Amino acid sequence: MFIFFRLFLSAFLLVCVNSAALAVNATAELETLSGEKCELKGAAQQSQSSVFVDDRQLLCGELVVGRFARLLFSENSKDTGKQQLERAFSAAKAEMLLNAQLNCEPERYLPRDGEIVLALPCRSSTDGWPTLLLAQIGGGTLNVVQGPASAYPALLSALGLTKDASRTLLAAEVRALWSAPIVIGSQVDQALIRELWSDARLANSRFAYAEAEQALRRALDVQIRIFGEDDVVTNALFLDMAMIVANLGRFDESDGLLRRAAPIIERSPSPAERARLATYRANISALRGDYIAARSEASDAVAQWRAISDARPVTDDTALARGEMAMALNLEAFVLMRSGDTTSANVLASQALLALAAAPATPVWWRADIMGVLGETSLSDGRLAAAETYFNTAIRIRKDAFGEGAGTLRLRTALARAYQAENMNTNAIIAYREALTLARSLPRDSLPFTDEDLIPLAAAVVNYSADITDEKQRQGLFTEVFDAFQLARKPGRDRTVALSAMRLSSGSVELSALL
Numbered sequence: 061m062f063i064f065f066r067l068f069l070s071a072f073l074l075v076c077v078n079s080a081a082l083a084v085n086a087t088a089e090l091e092t093l094s095g096e097k098c099e100l101k102g103a104a105q106q107s108q109s110s111v112f113v114d115d116r117q118l119l120c121g122e123l124v125v126g127r128f129a130r131l132l133f134s135e136n137s138k139d140t141g142k143q144q145l146e147r148a149f150s151a152a153k154a155e156m157l158l159n160a161q162l163n164c165e166p167e168r169y170l171p172r173d174g175e176i177v178l179a180l181p182c183r184s185s186t187d188g189w190p191t192l193l194l195a196q197i198g199g200g201t202l203n204v205v206q207g208p209a210s211a212y213p214a215l216l217s218a219l220g221l222t223k224d225a226s227r228t229l230l231a232a233e234v235r236a237l238w239s240a241p242i243v244i245g246s247q248v249d250q251a252l253i254r255e256l257w258s259d260a261r262l263a264n265s266r267f268a269y270a271e272a273e274q275a276l277r278r279a280l281d282v283q284i285r286i287f288g289e290d291d292v293v294t295n296a297l298f299l300d301m302a303m304i305v306a307n308l309g310r311f312d313e314s315d316g317l318l319r320r321a322a323p324i325i326e327r328s329p330s331p332a333e334r335a336r337l338a339t340y341r342a343n344i345s346a347l348r349g350d351y352i353a354a355r356s357e358a359s360d361a362v363a364q365w366r367a368i369s370d371a372r373p374v375t376d377d378t379a380l381a382r383g384e385m386a387m388a389l390n391l392e393a394f395v396l397m398r399s400g401d402t403t404s405a406n407v408l409a410s411q412a413l414l415a416l417a418a419a420p421a422t423p424v425w426w427r428a429d430i431m432g433v434l435g436e437t438s439l440s441d442g443r444l445a446a447a448e449t450y451f452n453t454a455i456r457i458r459k460d461a462f463g464e465g466a467g468t469l470r471l472r473t474a475l476a477r478a479y480q481a482e483n484m485n486t487n488a489i490i491a492y493r494e495a496l497t498l499a500r501s502l503p504r505d506s507l508p509f510t511d512e513d514l515i516p517l518a519a520a521v522v523n524y525s526a527d528i529t530d531e532k533q534r535q536g537l538f539t540e541v542f543d544a545f546q547l548a549r550k551p552g553r554d555r556t557v558a559l560s561a562m563r564l565s566s567g568s569v570e571l572s573a574l575l
């Protein structure tokens, strides 16, 4: 009975101590180096089987910027204070860093007299922002707080630590934790850059390139103001801008952005940044029509992504690398297809589909892109049924993700070309009409059609009109083709039409004349 009472009393005192510590954390004044007010919110007691006693969000300026947690740990009477903290933090680090996507430096201690506080300086692997974890043992639990470097005073207060120094001294103290210089920006700026960058990438995926350029330029303005032009993340934004302007046909500008970004990204310690640079180079070469360079660059990108995805142990970054490798494989397949090697292209696109299946967190429309290439290779091999299945699947995925946008229209015209290639001219004309009707409701700068996309429509009309005796009806069909070509978007149109006409209308005087 006495033993039971003593255990009960110990447990009761532990809860009281922990509750008192929690009360201090909850009522402490929390703020960032720029003076933004912060708070701990969302206290949720975990189940008895969990190592978490408490787990809450850190909000600054109404934005979720970090996390505070108290975790149980097993004590060892032989450990010193530092040994106990290091062992407890080592056991809990995986829980705290789960899905955090951070690149961290070695742990070190805060330079604070009489207080043992472990610091883990990191950078976000997505945007490079400096992120800090602080850990201390107190009240019978391991107390850990995570947040951006700019929230350093709030992180200290959340642990119940004094912060008597001025903001200038605190900023110097937190900067000294990183081996390389860091720039401290506000949470509002960080959230704005992330939101604009995400908007730009989403618009790019919808082929809304003008919209993507506008959002990315705003993100770059904020990023450069805080980090300057030589930062790795700034140059990652330059890479995205290079892709966007290349899609708009401004290749001189795209090349300039690549030259500007490449030296800094190639010096990056992140292999993923260098692999992404190789992928972007290949994409831009393919857009330019330089398939020899694109094939070599795409193959290099695949090799780099494969090395990252095969790394052990498996992390969120390696899983994401599988998805990036899948898209590099698909790009290489596309280039091979355009070069006439449809058999090899089909093999690589099939490998890309398998690789993407092992990366479930990737955007759903990436699968549609691979299906589109598989549809093209199947069509080139004379397998219309397979091509139709691939194109229709890709159309459904794209439509579910974006509606009847430019990406969906591109796939609809690919399906129409498939019909025309098999001399199913009526089906081809109907499919083209559906795509063109939808296209007229979209912004002009988002349309994906090139002249070469639409030349099969002209061929289908010429073949179909051969049996039409009504001259007025024939001219109506030819006018329909003329109107369709007004929706095409490609620099150097006259040269493109001339070259395409020579290649695709050989043996058909009427088609050549129509083009």
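Quick note on numbering: the sequence shown equals residues 61 to 575 in the working numbering. We treat Cβ as the ideally placed atom computed from N, Cα and C, and that holds for glycine. Note that this is a predicted model, so its numbers are computed, not measured.
Does any C-beta atom of chain D lie closer than 8 angstroms to the C-beta of residue i?
| i | result |
| --- | --- |
| A272 | Protein chain content of the structure displayed is limited to a single chain, and chain D is not contained in it. |
Return the first residue and the last residue of the beta strand (DSSP E) that residue i is part of.
| i | result |
| --- | --- |
| N203 | 201–208 |
| K97 | 97–101 |
| L347 | L347 -> not in any beta strand (DSSP E); alpha helix (DSSP H) instead, spanning 331–348. |
| L192 | 190–198 |
Which residue's Cα is closest to the Cα of residue i: the options?
| i | options | result |
| --- | --- | --- |
| A499 | I490, S525, A526, A466 | A466 |
| L131 | G198, L90, E91, I176 | G198 |
| R477 | A354, S438, Q411, N307 | S438 |
| V433 | A268, R320, A386, A335 | A386 |
| A519 | R266, I457, F538, G126 | F538 |
| R382 | E273, L416, E289 | L416 |
| A363 | R336, R348, G349 | R336 |
| L276 | F287, R266, D300 | D300 |
| E99 | A211, E357, S185, T186 | A211 |
| Q196 | T186, C182, K459, L216 | L216 |
| D291 | E326, L162, L514 | E326 |
| A495 | T449, D527, F545 | F545 |
| N163 | G174, D187, T294, R285 | D187 |
| A218 | S404, D114, G316 | D114 |
| Q247 | S94, M156, N264, A240 | S94 |
| D441 | K532, A405, G245 | A405 |
| D173 | E146, K223, V124 | K223 |
| N264 | A302, G349, D350 | A302 |
I need the boundaries of the alpha helix (DSSP H) containing residue i, first residue and last residue.
| i | result |
| --- | --- |
| T486 | 485–499 |
| A19 | The question about residue 19 has no answer here: the residues shown for the chain are numbered 61 through 575. |
| D460 | 444–462 |
| I368 | 351–369 |
| W238 | Unbroken run through W238: none, as it is neither H nor E. |
| G435 | 425–440 |
| G536 | 531–545 |
| P503 | No alpha helix (DSSP H) contains P503, which DSSP labels as neither H nor E. |
| E142 | According to the sequence displayed, residue 142 carries Lys and not Glu. Note, K142: alpha helix (DSSP H), 141–157. |
| G288 | Premise fails: G288 is in no alpha helix (DSSP H) and is neither H nor E. |
| E135 | Where E135 is concerned, there is no enclosing alpha helix (DSSP H), given that its DSSP letter is neither H nor E. |
Mind checking who residue i pairs with in its DSSP beta bridge?
| i | result |
| --- | --- |
| R114 | Correcting the residue type first, residue 114 is Asp in the shown sequence and not Arg. Bridge partners of D114: R130. |
| R168 | A179 |
| L162 | S184 |
| V124 | L119 |
| L391 | BP columns for L391 are empty, so no partner. |
| L414 | L414 is not bridged to any residue. |
| E91 | K97 |
Find out if the Cβ-Cβ distance for the pair residue i, residue j is shorter than 8 angstroms.
| i | j | result |
| --- | --- | --- |
| R355 | S314 | no |
| L262 | Q283 | no |
| L202 | F128 | no |
| G207 | A214 | yes |
| A361 | A346 | no |
| N307 | Y340 | no |
| L389 | A412 | yes |
| T468 | I455 | yes |
| L414 | E392 | no |
| W189 | Q250 | yes |
| G435 | F451 | yes |
| L192 | P181 | yes |
| W257 | A279 | yes |
| A379 | A332 | no |
| A260 | V234 | no |
| V205 | L118 | yes |
| A428 | R458 | yes |
| A152 | R168 | no |
| L514 | A491 | no |
Can you confirm whether the segment 516–529 touches the segment 472–492 when touching is taken to mean that 3 or more C-beta pairs between the two stretches lie within less than 8 angstroms? At 8 angstroms Cβ cutoff, the stretches touch.
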